[in-house]
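For the sequence shown, full-length UniProt numbering assigns the number 1 to the initial residue and increments by one for each residue that follows.
One structure is given here, and the rest of the page talks about it.
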Amino acid sequence: MRMSSDYRIQALVYFLRYGGVLSSSQLQQIQLQQDLVSYIRDQKILSEQQWYFFDHFYHEYLIVTYARQKNVISQQQFHDILLRKMQLRTASLLSTEVPIIENNLRKILIRLEEEKLITSEENVQLQQQCNSAQREKSKKFNHYVLEEELGRGGMGVVYKALDTNLNRYVALKIIRGDNAQQEDIMRFMRESKAVAQLDHPNIVRIFEMGKVPENYYTMEYIEGMTLHSAIHDQQITIREVVKIISDIARALESAHQKNIIHRDIKPANIMLANKTPKLMDFGLVKMDSGASLSKTGDIIGTIFYMSPEQVETITLTDNRSDIYSLGATLYEALVGRPPFQGQTHINVIHQIAYDEPISLRKLNPDIAAELEAICLKCLEKKPTLRYQNAMDLAEDLINFSRGLPVSARPANFVKKTYRWCKRHYTFTFISLAFVVFLVSIFYLNKRNNDELNRKNEKLVEITKQLEHTNNSLRTAKKQQEVAFVESQERLVDAHLKMTDVYLERFAYTQAQSEINKAQQILQLPIMSKISRYQKYCAQTDIYQKYAIAPHLPRLTSEWALPHQQRCFVSSRGRYIAFIVSGEIRYWDLKTSPQNFFSIPCTANTFLCFSKSEKYLFYLHDRKIYRYFFQDKTSTMLSSVVENFVEAAANENWLALYYRKGKKRHVKLFDIQRQEFKDVLSSSAKVILHMTPSYFVGNDRFQVKIMDLVSGKEQLFYHLGNRPSYMCLANQQDLFMGDNAGNIYIYDTGKLSSKNNVPTVIKAQKDKVRNIQFSKDLQFFATMDNSGVYVWDYTTRNKILSLPLLKPVGVRFCGKNTLRVFFHKDNKFVVQDWNFSPLFQKTLELDKNHRGKFTLVRQNVQQIDSFSSNPVTFSRNNKFAAISYASSIVFWNLKTNRSYTFSFSILTFGTVDQIMFSEDETKAFCLSEYGKLVIVDMENMQHPRYYDAEFEQDSVICLLNKQLLLVAGQKRLRLYNISTKKLQEIAKLGADIFHIKLSPDKKHLAILQEKGFEIWQLQNSTHSIRIVKKTTVAKRQYWFRSQIVWHPASEQIVSSTARDIQFYRRNGKNTWVNTHNIVHDREVKRLGYSRKGKYLAVHNLHNTAVYDVKNNVRVLLYPGYAKGISANFDRKWQYFAFPDVRGGIFLFHMSKGQK
């Protein structure tokens, strides 16, 4: 790397510009000179000292420029390094011991060498050139001869020098004014003046000061070492430390009395000459005038020994700051380290301001407690807590050395706690807040007390009270929770009881509402914890499936028509008519329910429909018209004088009602003959009713029935309340309702006899306003102000209540559909309800066999049962069968075709048992006389009779296609269907009432007169073998007792009278009684659901379904039938019972059954 003169000129220009020697304009003028270097020397623009510094700068400039050219450093780094060089000006121009080149320049040279931009020889050469460029150190300074350097600092250098005038050694301190900052010079001069005022044996003396050739002063030269060196060389004892610090304290007191504050007391500023301390270096001294050379924000002093007020620069310092620094010096002298240490100045400053020093006795146990107290008192954060003057400190140290009492006291518990809290401010604040919070709670709980006792016993008492309160709250919460649960349980019980009430009233919509409310409560999470939760769920489930769902009416259609007070409805509810503003408006709900048709009429007139709904009769301008719905035309029938206000009609007759004076009159009009006939007069309101063949009317309690064909009349007196409605059903039964809600049913064939006693039904709570019959006379409906009710026509039992507010009409339209009419929200509303949604169909007898049921139908109210055997289904519900005395009726459920087989009652007897083969190809029928009939179900061939030596009252059980088990006369036999042979299997000691084979065909249950046994079987196609006999129960059974197997074959149920016993297999062949149920009536038959969750119990009057696990029951289809003949199929898909008119009612039960 070659050096050219161009680089020297560039360095010189850079030095002149950025070194503050010339301004920019002056530099531009001198740059015009040809020989710039000679010009500057001739004009003495630079002093010798500045030329000396430039020589150093030039070599540094060369290195930095070369590094910039090689892109080792950036342009910004180039300027930063050179400007820094000129500011630092190399620490001293006189030292030969410190290398001129600085670390950053050396790093640049090393990097240039690593990048192979210069060689190692060039690197060494450049460093030597930089070092050799310094001038020879001058040994002469004024009249002092400089012998050696004693130390150097930020302002200058201290030398040992010989004063040639007085021939003595002094310490010469020099600061070069040309390079020093003005503040440094002022501090230098201040120090010399301050020390010059002091005269104390423990303070270094000032001899002379001057400014030529440079700023300097001389002071006393002391042979020895600094206290710092003595501490770290361990050449000083604790006693000597106490003596040294007490002497320095007296020296400080002398300075403080002259209002001089040192502000930089530290071990390095205390010299020891033969163990005599001398305080020196007053460079940071503060005078009484308060003038300070530091700017706002400056930190004055050596940081490890500075007082808290010194680091907080906005706080003015005083003599107590020196006492703190002297305490820090004492601390280091005693334990070998300053009070606070840290890796950064910021960390140390933070400790000085906020932390407490470590106890000296922890670092050096040999230190006395009194000495530790003296030192720590000097180091207090607050100046007011320190020694207020240095003499007090000196006296305490002297007293300690002499063994006398000292004024400083070790920190007590309160003071230590305060210091700890101050150090851990956040934790202390949170803890204090928590304590305040606790105290507040205690105070609020004890606010009735006059004063707060802070003793421990009171706190314990308050704690106990709080604990008791919390326990009480927990107990109250538990009690509240228990009370809430109990209230919800009671509410569920109430809803279930109301469900029972509504079910008894056949009000299934209200029952459904109650069940929904109960289920909503049971859905609350807290309710799952109650002991009866499972039972409640089971009860709501069984109510929903078997008591409500089969009966719940379903709204299928709804229309809203304009509101009118008077309405007229046809017999089947197809047409609705109103009289509005002199015209008749009617709606056809079948074809166009949204549109109406108009017919002119008199304002106050009558309207009535024919029974066939073909015609509408009305009065207009004193003329009677007949309106034909099909072609929408009117025909005048006759002119009249009377003003008729009400009428009843069939196809050929009109019954017209009018008033004349106080009398009410009824005339009959023969439409074909165009003739009028007076038929009735009364002083009270007359009730009219017409059938195709009869007219019915009343005069108060006298009722007239007139045959319209023959003209024959029947009169009888009604002995009950005054009628409110009358109607005639099937030309035989006369129904009459009264204002008390009773319905009287008269047999018109017995009106003239003395036995003319009506059947009375308490149907409703108030006035019977309407009675209507279904087309097939299976049902009839009644109406009052609170709702509509549906009844089974045959049994006279209520099957449904439909709550409605003041209905105005009811009609049957379609199968099991009820059409109701009522006012709501200024609308006339029409609704269609399907009142038996699960009713599927009726299996009817052929015409040749229906006549046999006439007697049964007439006397059904007086008998309990008309069929001793239940409806029997084949395995897959292809066939159903039932026996009536000695007749058997089969139905094919796929084709709805029936087959009837009748036998002689004398030779055959009644049919006791009917069962189908597993493949549904054969049916086996056993009579009471032991006659067996086998019917081919595929071809329905004529039955064959087999005597086969069966005893009377035998019972059979089908094992497979070939084998029948036959029980009777105290023995059990096996009958082969193909060979027609009987084989005896076992003899028993009592009569056998029932035998039942388990679903898995591995066990046979035998119900005898004196006990109940289960036999384990091993069977094949042609034979069986008894493996083991087990006695399940020893008790008295009789022929009406029943048994039924659980579908899983692990349980069996038996019954005696009203008791139902449940048995479960425990182990291989042991059976135990698990529980019993007491039924409300005598049990006639039992049956399990497909999965065994429910048990059906049939008795004389109804069928009950039990949830076996939870012992919850409901009645199934109450009101539809009497007798024990109702039954389920195996899958519980169908529920069936006989119809007294012949046939079977079939209900579909497949939804969700288990």
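Idealized CB from N, CA, C, for every residue including glycine.
Does DSSP put residue i in a helix, a strand or coil?
i	result
R239	helix
T910	coil
I995	strand
C378	helix
D6	helix
M189	helix
K160	strand
M391	helix
W420	helix
K464	helix
Y1063	strand
L491	helix
V195	helix
F506	coil
L32	coil
residue 1161	Past the edges of the chain, shown from 1 to 1154, lies residue 1161, and the structure says nothing about it.
For the beta strand (DSSP E) containing residue i, list its first residue and its last residue.
i	result
R532	First-last for R532: undefined, no H or E at that position.
P723	723-729
P562	554-562
E713	713-717
I346	Careful: I346 lies outside any beta strand (DSSP E), inside the alpha helix (DSSP H) at 345-354.
Q544	No beta strand (DSSP E) holds Q544; DSSP gives it neither H nor E.
Return the first residue and the last residue of the alpha helix (DSSP H) that residue i is part of.
i	result
residue 1171	Because the chain in this structure spans residues 1 to 1154, residue 1171 falls outside the shown range and cannot be described.
V439	425-445
D42	36-42
N319	319-335
Y216	Element bounds for Y216: not the alpha helix (DSSP H) but the beta strand (DSSP E), 215-220.
V311	308-311
Please tell me whether residue i and residue j are closer than 9 Å, where the distance is taken between their beta carbons.
i	j	result
P339	E370	no
I1043	F1012	yes
F609	F617	yes
F442	L459	yes
E253	A408	no
L963	S917	no
W1045	L997	yes
T748	Q764	no
N834	Y1134	no
S902	G930	no
M189	M280	no
S1089	F1128	yes
V348	I303	yes
I599	F821	no
Is it buried or exposed for residue i, if we count other Cβ within 10 angstroms and need 16 for buried?
i	result
P525	exposed
V1027	exposed
A494	exposed
D541	buried
I671	buried
N650	buried
S47	exposed
H1098	buried
A267	According to the sequence provided, residue 267 is Pro. The question's Ala does not apply to it. Classification of P267: buried, given that the 10 Å Cβ count is 16 or more.
P1138	buried
F434	exposed
T51	The sequence shown places Trp at residue 51, rather than the Thr named in the question. By the neighbour-count rule (16 or more Cβ atoms within 10 Å), W51 is not buried but exposed.
N1076	exposed
L654	buried
For a test of your reading of the model: does the CB of residue i fall under 8 Å from any non-hydrogen atom of the ligand ATP? Yes or no.
i	result
N516	Only the bare structure without any ligand can be found here, which leaves the ligand ATP out of the picture.
**Request:** Go through the segment 751-826 residue by residue and report every complete run of the alpha helix (DSSP H) that reaches 4 residues or more, in order.
**Result:** none
**Item:** Continuous beta strand (DSSP E) assignments of at least 3 residues falling wholly in the segment 959-1013
**Value:** 963-968, 971-976, 981-987, 992-997, 1003-1008
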